[in-house]
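Down below is the structure, laid out as structure tokens.
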Ligand SMILES: [Zn+2]
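Residue numbers (my numbering): 35 to 148.
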């Protein structure tokens, strides 16, 4: 399970209208009808870049591609971030580990050496 990380259930709207204060000013600007168009969530279609480029197996020497699959701390990004398909994600993990062994990629990047 947990194939699709569905984060669609973030907290509901907290958009309850404030009741007008007890002042008697009636200068327009009442609570008009709710105008929508605010929440336009377009789910970006992510596709596996290895599938689109017809790369059979991710290459550990292909740093340009691998670097898009590691975070800035050198960690392998989950495929829900990158959109890589399951097969290629497995290959990415192997390729990144090989590249680390060849010192092409960092095991851990410590910017600032915190
Ligand atoms: Zn793929």
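Cβ atoms here follow ideal geometry from the backbone N, Cα and C, with glycine treated the same way.
- Item | Where residue 75 falls, given that 16 or more other Cβ within 10 Å makes a residue buried | Taking the first residue of the chain shown as 1, we reach residue 75 at position 41. It counts as exposed.
- Measure the alpha-carbon distance for residue 110 versus residue 72 and round it to whole angstroms. Start at 1 with the first residue of the chain shown, and residue 110 comes out as number 76. Start at 1 with the first residue of the chain shown, and residue 72 comes out as number 38. Spanning the two alpha carbons is a distance of roughly 34 Å.
- Message: Tell me the rounded alpha-carbon separation between residue 127 and residue 97.
- Response: Along the chain shown, one-based indexing puts residue 127 at 93. Along the chain shown, one-based indexing puts residue 97 at 63. Taking the straight line from one Cα to the other gives about 13 Å.
- Can you grab the Cα-Cα spacing for the pair residue 138 / residue 95, in whole Å? Looking up residue 138 in the chain shown gives position 104. Looking up residue 95 in the chain shown gives position 61. Pairing residue 138 with residue 95, the inter-Cα distance amounts to about 8 Å.
- Query: Going by the beta-carbon positions, is the gap between residue 81 and residue 125 smaller than 9 Å?
  - Reply: Here residue 81 refers to the residue found at position 47 of the chain shown. Here residue 125 refers to the residue found at position 91 of the chain shown. Taking 9 Å as the Cβ cut-off, residue 81 and residue 125 do not qualify as a contacting pair.
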